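>
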Amino acid sequence: MESPSNRLTALEINLRRTATTVEIPKEQRVLLAATEGSVGVHEKTRALLEEFNHPYINWSHVIGELGAYGTGNFYFLNAYERGDEAIRVLAGIFLAAAEKAPAPELRIDSIRALFRFLEKALADSGAEQARNRPVIEEALRSAHRRFEEDPNAGALLSGAVRRVARTAIEDPAFDREIVWSLSRKALSETYGVWLSLPDPAGWVDPAVSDKLPSLRAVTHESLAAYRERLATAEDPSAVVLDAEGLPDQSGIEAAYLRAAEEVERCFEGWEGYTRKVLFLLKILDSPMLRRVQGPALRSVNRALGRALRLEERPHADRFIDEVFDSFGRGWLQHDTTVLDCIHTVAAEVLASKDDRLIQKVIDRILDHGFESPEVRGVNELWQFEMNPAHVKNIRSWVDLIASDPLRMKRLLAGLVFHLRLGGVLLSDTDLFQRDMANLLNGDIRPVYTLVKQVGKLFPIYFAEIGAEGDLRLVSTRVDEVGRRQDSIVHFLRKQCHVESSDRLVGFCEAMFRYWATGGAEPLAAYLPPEVFRHVAEETSHREEMAPIFAPLAEEGGAFPESLLGKSEGEIAEIVARPEGPAPEAREKASLSIRLYQLIDRKYRIGPRGVLEALRGTSLVEPQMTAALEENLGAGRHLAALELLIEIL
Numbered sequence: 037m038e039s040p041s042n043r044l045t046a047l048e049i050n051l052r053r054t055a056t057t058v059e060i061p062k063e064q065r066v067l068l069a070a071t072e073g074s075v076g077v078h079e080k081t082r083a084l085l086e087e088f089n090h091p092y093i094n095w096s097h098v099i100g101e102l103g104a105y106g107t108g109n110f111y112f113l114n115a116y117e118r119g120d121e122a123i124r125v126l127a128g129i130f131l132a133a134a135e136k137a138p139a140p141e142l143r144i145d146s147i148r149a150l151f152r153f154l155e156k157a158l159a160d161s162g163a164e165q166a167r168n169r170p171v172i173e174e175a176l177r178s179a180h181r182r183f184e185e186d187p188n189a190g191a192l193l194s195g196a197v198r199r200v201a202r203t204a205i206e207d208p209a210f211d212r213e214i215v216w217s218l219s220r221k222a223l224s225e226t227y228g229v230w231l232s233l234p235d236p237a238g239w240v241d242p243a244v245s246d247k248l249p250s251l252r253a254v255t256h257e258s259l260a261a262y263r264e265r266l267a268t269a270e271d272p273s274a275v276v277l278d279a280e281g282l283p284d285q286s287g288i289e290a291a292y293l294r295a296a297e298e299v300e301r302c303f304e305g306w307e308g309y310t311r312k313v314l315f316l317l318k319i320l321d322s323p324m325l326r327r328v329q330g331p332a333l334r335s336v337n338r339a340l341g342r343a344l345r346l347e348e349r350p351h352a353d354r355f356i357d358e359v360f361d362s363f364g365r366g367w368l369q370h371d372t373t374v375l376d377c378i379h380t381v382a383a384e385v386l387a388s389k390d391d392r393l394i395q396k397v398i399d400r401i402l403d404h405g406f407e408s409p410e411v412r413g414v415n416e417l418w419q420f421e422m423n424p425a426h427v428k429n430i431r432s433w434v435d436l437i438a439s440d441p442l443r444m445k446r447l448l449a450g451l452v453f454h455l456r457l458g459g460v461l462l463s464d465t466d467l468f469q470r471d472m473a474n475l476l477n478g479d480i481r482p483v484y485t486l487v488k489q490v491g492k493l494f495p496i497y498f499a500e501i502g503a504e505g506d507l508r509l510v511s512t513r514v515d516e517v518g519r520r521q522d523s524i525v526h527f528l529r530k531q532c533h534v535e536s537s538d539r540l541v542g543f544c545e546a547m548f549r550y551w552a553t554g555g556a557e558p559l560a561a562y563l564p565p566e567v568f569r570h571v572a573e574e575t576s577h578r579e580e581m582a583p584i585f586a587p588l589a590e591e592g593g594a595f596p597e598s599l600l601g602k603s604e605g606e607i608a609e610i611v612a613r614p615e616g617p618a619p620e621a622r623e624k625a626s627l628s629i630r631l632y633q634l635i636d637r638k639y640r641i642g643p644r645g646v647l648e649a650l651r652g653t654s655l656v657e658p659q660m661t662a663a664l665e666e667n668l669g670a671g672r673h674l675a676a677l678e679l680l681i682e683i684l
């Protein structure tokens, strides 16, 4: 994960994007021509080419989209009369991405995606095989040149090369020389890089190495033998076909995972599980095994659970330290699967009732840190671009706290601290009410104050997911009044219905400030780049709202928060005050303020709207609500408090 100092803010990204008009190069337009027969694919092609040619490219997104596009839409390219040209252009885009992408991992991902595309082209060209063959051969030659410039790419991609090569040699007319040369180059780089790293033979006790055939297959001794066999191979086809005698990167990765299972089988109980975990943690530390770190982490999680469930756990504290030390290194610190592993460790130790070990685990969890939301913006599907581990981290900690609130008191205090410091973002669809109910159903009496503090930080105290009732009616009507032409209001409505969260409160406030002052920058955090660009083009919508909202901002005070306490009559007076706005504009302003109040009432805990909420529930007798309203209106606060206690 990028450091905060290297990451552009959502505002910077949006402003840069809105200032640029992207032109698709002439040579790339053949891809548009090839996909004209399908409106959806054609538009996707255009969007992808515009993103690729944008001066501020989201490389991770583009390379992922390119990979899916190449394999998913080859049919359209192949069916086009200039299909070979289209294949050449798309292959060139993959290679350009491999050269321009800023991170080594992204450059390798681009070449990997190229090989998948070429494998698809080799397998599915059909009657156009002869036409497509030269451009595929040329793409493989370009990949070979890329390996000359970046040997590490060849080392990591020898498995992908072998898959392409096996498909290529099924065509009798395919240039065998480039197949053999590329395969040799990739395998040679694979063995060379692995031989430059520490020998995995040192990962285990030499006394048991004979029982670990998969590990022996990747020791320096074996790798040196593979390299010698590769250099002296007389039959070029063996370089492509002999996966056992000349293993590629994919085969080596699989061997490491098998070796972890063999380590567990060599020992019994605690020793078997812990040795397996420590072996897997070494896999996680290896940059050459990044592709199997997901399966390795899941295996770590299972082994941790089995180990810590045992009654006999010698040196458990030292083992836990080793595990958390590994979890705190590099990319692992922010991996969502690591949160599962940490939860497993904590849950099993908590179940043991070993207070000393429990406190140690809490120390290590707090040292590991917490995943803040880190909201970077919002996409065209109304979804927040945020840290995917944030909600999972909250759920993990809340579940641990709920299992034993008193023992987890320090973790609860840590949760309060992190949520106050870094914020919290929960969408309605996260259904976090269940997690909070689980916590409240526990024995929270010893930590009641902390539970109350953390509870206030969660914007989850509502019964309706998304927009229902008045919220749906008002959000729909305010959009319809403007005939769905106001991009801000239309996006607000859609997000309210589809991806609702407490960020809608800030969205409304940014919208009101824009209408009052004309400053659009605060909206960049709430709108996708394309919608934000339209805001500058739709000044008429802001101009019709300015006479109503500009005077409110000039009055001073807490604008727009001051609108939250306004009654229907006061809102009507506000929107009727200025001269000039059309009736539709006045209705739009009135509905917008009402929508703001409804959203605020849904997500924020406060006294506003309490009487209205009581009138809308069947849990409180209507006469009690009426009596409460009467006492509050008459200033009889003591009587009102007594009624509230009775209601509660």
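Counting in our numbering, the sequence shown runs from 37 upward without gaps. Glycine is no exception: its CB is placed at the ideal position from the N, C-alpha and C atoms. None of these values were measured; they are calculated from a predicted model.
Using a Cβ distance threshold of 8 Å, determine whether the stretch 257-270 contacts the stretch 307-315, with at least three qualifying pairs required.
The stretch 257-270 is not in contact with the stretch 307-315.
> Assign N337 to buried or exposed, taking buried as 16 or more other Cβ atoms, counted over all protein chains shown, within 10 Å of its Cβ.
Answer is buried; the Cβ neighbour count reaches 16.
> DSSP state of F355, grouped into three classes?
In this structure, F355 counts as helix in the three-state DSSP scheme.
> Mind reading off the beta-carbon distance from E298 to L251? Whole number of angstroms is fine, and I expect it under 8 Å.
Rounded, the Cβ-Cβ distance is 7 Å, consistent with contact.
> Give every residue of the same chain whose Cβ lies closer than 6 Å to the Cβ of A586, excluding the five residues on either side of it in the sequence, and list them in chain order.
The answer, listed in chain order, is A552.
> Would you mind sorting K624 into buried or exposed? The rule is 16 or more other CB atoms within 10 Å of its CB.
By the 10 Å Cβ count, K624 comes out buried.
> Under 9 Å between the Cβ atoms of G478 and A438?
Yes, the Cβ-Cβ distance between G478 and A438 is below 9 Å.
> Might you give, ordered along the chain, the residues of its own chain that have their beta carbon closer than 7 Å to the beta carbon of V517, omitting 5 neighbours on each side?
Hits under 7 Å: E620, E623, K624 and L627.
> Could you give the DSSP three-state label for F420: helix, strand or coil?
DSSP places F420 in strand when its eight states are reduced to three.
> With a threshold of 7 Å on Cβ separation, who are the neighbours of R513 within its own chain once the five nearest residues in sequence on each side are excluded?
Counting only Cβ-Cβ distances below 7 Å, and skipping sequence neighbours, we find L627.
> Chain C beta carbons: is any one of them nearer than 9 Å to that of Y497?
Among the chains in the structure shown there is no chain C, since it carries only a single protein chain.
> Leaving aside the five residues before and after S205 along the sequence, list all residues of the same chain whose C-beta is less than 8 Å from its C-beta, in chain order.
It should be noted that the sequence gives Ile, not Ser, for residue 205. Excluding sequence neighbours, I205 sits near R212, V215, S273 and V276.
> Please classify S232: is it buried, with 16 or more other beta-carbons within 10 angstroms of its beta-carbon, or exposed?
Its Cβ having fewer than 16 others within 10 Å, S232 is exposed.
> Relative to the alpha-carbon of P323, which residue among N429, W418 and L368 has its alpha-carbon at the smallest distance?
Of N429, W418 and L368, the residue nearest in Cα terms is L368.
> State the CB to CB distance for the pair V58 and I123, rounded to an integer number of angstroms; the pair is presumed to be in contact (CB under 8 Å).
The Cβ separation is near 23 Å, so there is no contact.
> Exposed or buried, what is E289 when buried is set at 16 or more other beta-carbons lying within 10 Å of its beta-carbon?
Answer is buried; the Cβ neighbour count reaches 16.
> Classify A387 as buried or exposed, calling it buried when 16 or more other Cβ atoms lie within 10 Å of its own Cβ.
When all chains shown are included, A387 counts as exposed.
> Could you check the C-alpha separation between L476 and A589 for me, to the nearest Å?
Cα to Cα, the separation comes out at about 42 Å.
> Under 8 Å by Cβ, that's how I've got K156 and G106 pegged, so tell me the actual separation to the nearest angstrom.
Contact holds; Cβ gap of about 7 Å.
> Which residues in the same chain as D522 place their Cβ atom closer than 6 Å to its Cβ, once the five residues preceding and following it in sequence are excluded?
Excluding positions up to five away in sequence, the list reads H577.
> Taking the straight line between their C-alpha atoms, what separation do you get for L664 and P658?
Approximately 10 Å between the Cα atoms of the pair.
> With DSSP as the reference, label G413 as helix, strand or coil.
Reduced to three states, the DSSP call for G413 is strand.
> CB-CB under 7 Å to L496, same chain, minus the five flanking residues each way: which ones, in chain order?
The residue asked about is misnamed: residue 496 is Ile in this sequence, not Leu. The answer, listed in chain order, is L462, F468, Q469 and M472.
> Measure the C-alpha to C-alpha separation of R65 and L218 and round it to an integer number of angstroms.
Going by the C-alpha atoms only, they are around 30 Å apart.
> From R446 to R400, what does the alpha carbon distance come to, in whole angstroms?
Looking at the two C-alpha atoms, the distance is approximately 12 Å.
> Among D278, A499 and L293, whose alpha-carbon lies nearest the alpha-carbon of T653?
Considering only alpha carbons, the answer is A499.
> Tell me whether the beta-carbon of S194 lies closer than 9 Å to the beta-carbon of A222.
Closer than 9 Å, so yes.
> Run through DSSP, which three-state label would S362 get?
S362 falls in the helix class under three-state DSSP.
> Could you check what DSSP says for G537 in three-state terms: helix, strand or coil?
Reading the sequence as shown, one finds Ser at residue 537 and not Gly. Three-state DSSP puts S537 in a strand.
> Apart from the five residues on each side of it in sequence, which residues of its chain come closer than 7 Å, Cβ to Cβ, to W418?
Contacts found: K530, Q531, V534 and E535.
> Name the residue from E300, A339, G593 and S286 whose alpha carbon lies nearest to the alpha carbon of L325.
Considering only alpha carbons, the answer is S286.
> If you count every other CB in all the chains shown that lies within 10 Å of the CB of L176, and 16 or more means buried, which is it?
L176 is buried by the Cβ-count criterion.
> My guess is that C544 and L631 are in contact by the Cβ rule of under 8 Å, so how many angstroms apart are they, rounded?
With a Cβ gap of about 7 Å, C544 and L631 count as contacting.
> Assuming P61 is part of the alpha helix (DSSP H), what are its boundary residues?
Here P61 belongs to no alpha helix (DSSP H), and DSSP marks it neither H nor E.
> Which residue or residues does DSSP assign as beta-bridge partners of S463?
Bridge partners of S463: S537.
> Could you tell me which of R152, F110 and I99 sits nearest to A139, measuring between CA atoms?
Residue I99 is the option with its Cα nearest to A139.
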